[in-house]
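Residue numbers (my numbering): 1 to 591. Quick notes on the structure that follows.
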Amino acid sequence: MSNRIKLKGTGIVPDVGIGKALVLEDKTKIVIPYYNVLEENIEGEVERFISAVEKTKQQIEGAKNNLNSDLNSSHLSIFDTHLLILKDQSLIDKTVSLIKEKLLNAEYAFKEVIKELIKKFKSIEDVYFQQRREDLEDIATRVIANLQEKDLTASLDLKEDTILVAKVIHPSDLSLLYNDKVVGIATDYGGVTTHTSIIAKALNIPTVVGLHNATKVVLDGDIVIVDGIEGDVIVKPKESETSVYIEKHQKRLNLEREFIEISKKDSKTIDGERIYLLANVEIEEEFPSLKKFNAEGVGLYRSEFIFLKHAPDLPTENAHYNFYRSLCDHVNGEIIIRTLDLGGEKFFHEVLEKDEQNPVLGLRAVRFCLRRKDIFRTQLRAILRVSGECERVKVMFPLISGVDELKEVLEFLDEIKKEMIKQGEKINKNIKKGIMIEVPSAAEIPDLLAKYVDFFSIGTNDLIQYCLAIDRNNDKVNYLYKPSHPAVIRMINRVIKSANENGIDVSMCGEMAGNPKFTTLLLGMGLRKFSMNAASIPLVKAVLRSVKISDCEQLVERVLSMESASQIERHIIAMNHKLIPDYERLEGIKL
Ligand code: PEP
Ligand code: MG
């Protein structure tokens with residue numbers, strides 16, 4: 001049989017699943033009837049619509065309860081979003097008036113109302129709105145199916161080792177379909193940040209999205225391999241191939257066990273220098289992996305995720321507080337909460353300016369907060385409140401570009417502290433405060449900034465983008481995005497040295513910190529605290545445990561005299577191979 005097909009997409013969960021395909025019905029193809037309702041039947045039609053909405057609510061509640069033990073609250077909030085849409089009285093009213101005034105059937109009337117809303121969202125090219133469109137489409141399909149008394153999941157008979165194949169898997173589908181028989185997911189559409197991907201990660205199901213035509217080439221019952229490590233999906237694999245993938249899955253399990261073992265070991269170089277490995281956190285689902293990989297704290301909590309979770313509303317002080325409190329409850333060590341960093345290339349939120357010509361250089365991060373002090377105040381109050389109960393909490397400000405701006409931020413922090421003390425709130429008056437060093441102007445003047453703060457955290461993601469004038473999300477110029485560019489290397493070196501000379505703490509929380517290729521270089525520059533995606537901790541630890549600081553310092557000395565990114569990169573890799581016995585294997589591991 002030579003009808004094997006290989007499809008390429010984006011891997012979401014780096015593991016392998018092998019099973020039989022179940023191709024889900026393309027719900028976008030549900031036929032929506034269009035007819036006029038006789039006047040005497042109008043009330044009945046309205047009733048039919050209202051009860052379909054009620055039934056949909058019950059189904060979503062049911063789905064939410066089904067998953068209650070598997071997912072935590074932030075995932076379950078997806079269902080709350082769906083319930084909120086269904087409880088939106090204006091949606092109901094508009095549909096009812098279309099039925100009454102235009103004598104339209106309920107399916108068509110509801111679809112028209114949803115279509116209008118989706119049209120508004122479509123004009124905004126943004127992940128956040130893309131997700132809201134998905135939510136609306138999902139809801140529309142469910143209500144219409146209920147109007148037609150179709151049970152969208154009734155025909156699904158899940159067998160052992162099922163691979164779900166679909167155009168998209170809506171969050172509500174996933175909840176109804178998920179059980180331990182599902183060993184893989186393959187979808188035509190979707191990206192890393194869509195709800196389905198986030199849920200797939202939380203449930204740890206090997207997943208590949210963005211395959212374009214999986215639903216066209218895969219038939220029910222086909223044997224399918226989902227390789228979330230490479231982003232491959234193989235349909236009707238050869239038998240010999242299947243055993244290779246079974247082995248790959250086994251290797252993944254072994255790797256995880258090995259990683260957990262490495263994570264338990266001391267974080268020290270051969271010559272005994274203690275190195276701190278912390279985690280970057282975005283959502284609660286990451287808490288277990290912080291424990292698993294022994295993160296020594298949170299070096300960066302990206303608080304924009306709280307804002308996204310509550311969008312389009314703004315999080316209340318209590319919502320902030322509750323999340324920060326749960327960080328304290330689940331994580332040991334220091335917890336650095338970075339204040340809101342929305343804007344630029346980051347997710348869109350209603351509160352942002354929509355018409356900036358150049359948003360990456362625009363009103364983002366702390367600039368936005370200084371403009372919207374109401375939003376800033378709410379967040380700072382919550383951080384200060386939690387600092388009164390948990391001294392490990394620190395506050396960090398993103399995108400600081402100079403001393404004046406920093407002073408304005410710190411004055412505002414002081415103002416809020418005074419206000420809260422006056423109100424009798426318990427806060428940590430001496431809460432440690434720090435800044436991200438991610439704008440080249442800040443990296444030029446670390447000595448001046450160091451006087452005002454307790455710590456720096458180097459944000460290489462933005463620092464490289466601004467230093468090299470490379471949009472970090474533009475794949476046309478991505479080839480120029482080089483952490484090993486001499487200008488970047490010199491900047492980072494200067495910031496670390498300056499922090500150490502000025503006696504303040506310094507860490508790095510950009511992606512470079514979690515890339516084991518750069519661990520030796522950063523150690524040689526004097527960096528002792530790294531913050532990264534928790535899953536990267538074991539690799540970085542494996543590297544640092546096999547080197548001596550003096551060797552790393554020599555590496556830095558050589559690199560600082562080099563003229564180009566390619567030369568520097570070659571040298572670092574060559575030295576890594578020389579210094580670290582296991583480096584070749586470590587380099588090949590995908591996270
Ligand atoms: C950075 O810029 O390096 C960073 C850690 O922040 P973010 O990726 O959230 O911009
Ligand atoms: Mg940044």
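No residue lacks a Cβ here, since even glycine has one placed at the ideal position from N, Cα and C.
Excluding the 5 residues preceding and the 5 following residue i in the sequence, name in chain order all residues of the same chain whose CB lies nearer than 7 Å to its CB.
| i | result |
| --- | --- |
| K597 | Limits of the chain in this structure are 1 at one end and 591 at the other, which puts residue 597 out of reach. |
| Y245 | V16, I18, I225, D227 |
| N461 | R472, G510, E511 |
| L136 | I85, I114, L117, I118 |
| V218 | A21, V23, V165, V224, V235 |
| C390 | C328 |
Just to confirm, is the Cβ distance from residue i to residue j under 8 Å?
| i | j | result |
| --- | --- | --- |
| R325 | V226 | no |
| V559 | I568 | yes |
| K590 | P206 | no |
| S303 | R338 | yes |
| I262 | P538 | yes |
| F307 | L300 | no |
| I163 | G190 | no |
| G297 | N332 | yes |
| L544 | T269 | yes |
| R371 | L363 | yes |
| A401 | V351 | The displayed chain sequence assigns Ser, not Ala, to residue 401. No. Outside cutoff. |
Using a Cβ-Cβ cut-off of 8 Å (strictly less than) and excluding sequence neighbours within five positions of residue i, which residues of its own chain qualify?
| i | result |
| --- | --- |
| I139 | T56, H82, I85, L86, I114 |
| S536 | G514, N515, P516, L591 |
| A499 | P446, A450, F455, F456, D505, V506 |
| D582 | A542, S546 |
| Q554 | G524 |
| S197 | I12, G190, G191, T207, V209 |
Output needed for residue i: all residues of its chain with C-beta closer than 6 Å, excluding positions within five of it in sequence on either side, in chain order.
| i | result |
| --- | --- |
| L579 | V547, D551 |
| V488 | I464, C467 |
| S155 | Any reading at S155 must be qualified, since the residue scores a pLDDT of 48, below 50, and its modelled position is unreliable; the value itself is stated next. Cβ within range, chain order: n/a, list empty. |
| F376 | C369 |
| F397 | T339, V366, V409, I435 |
| T10 | V209, G210, G231 |
| I496 | V506, M525, G526, L527 |
| L327 | I335 |
| I572 | L521 |
| F259 | P538 |
| E426 | Per the sequence presented here, residue 426 reads as Lys, with Glu not at that position. Only G388 meet the Cβ criterion. |
Ends of the beta strand (DSSP E) at residue i?
| i | result |
| --- | --- |
| I225 | 223-227 |
| E282 | No beta strand (DSSP E) contains E282, which DSSP labels as neither H nor E. |
| G343 | No beta strand (DSSP E) contains G343, which DSSP labels as neither H nor E. |
| V559 | No beta strand (DSSP E) contains V559, which is instead part of the alpha helix (DSSP H) from 549-559. |
| L7 | 5-8 |
| K394 | 393-397 |
| V218 | Segment: none, V218 is in no beta strand (DSSP E) and carries neither H nor E. |
| L22 | 16-23 |
| I185 | 182-187 |
| L164 | 162-166 |
Going by DSSP, what residue range makes up the alpha helix (DSSP H) through residue i?
| i | result |
| --- | --- |
| A382 | 373-389 |
| V233 | Taken as a continuous stretch (DSSP letters only), V233 belongs to no alpha helix (DSSP H), being part of the beta strand (DSSP E) at 232-235. |
| K309 | 304-310 |
| V540 | 537-544 |
| I572 | 565-579 |
| E317 | 317-330 |
Original post:
Taking only runs of the alpha helix (DSSP H) that begin and end inside the stretch 478-535, which ones reach a length of at least 4 residues, in chain order?
Top reply: 486-501, 519-525
Counting Cβ pairs, one atom from each stretch, are 3 or more of them under 8 Å apart for the stretch 529-543 and the stretch 497-512?
Short answer: they touch.
Taking only runs that begin and end inside the stretch 413-465, name each unbroken beta strand (DSSP E) of 3 or more residues, in chain order. 433-437, 455-458
Touch test, the stretch 92-112 against the stretch 144-151, Cβ-Cβ under 8 Å, three pairs minimum: yes
Just list the alpha helix (DSSP H) runs in the stretch 35-123, keeping only unbroken ones of 4 residues or longer that don't cross its boundaries, in chain order.
-> 42-67, 73-87, 89-102, 106-122
Exercise. Pair every Cβ in the stretch 411-427 with every Cβ in the stretch 448-459, then say whether three or more of these pairs are closer than 8 Å.
Key: no
Review point. At which residue ranges does the stretch 244-292 contain complete beta strand (DSSP E) runs of 3 or more residues, listed in the order of the chain?
Key: Within the stretch 244-292, the complete beta strand (DSSP E) runs of at least 3 residues fall at 276-281.
Query raised in the report: Can at least three beta-carbon pairs, one atom from the stretch 45-55 and one from the stretch 269-288, be found at a separation below 8 Å?
Result: no
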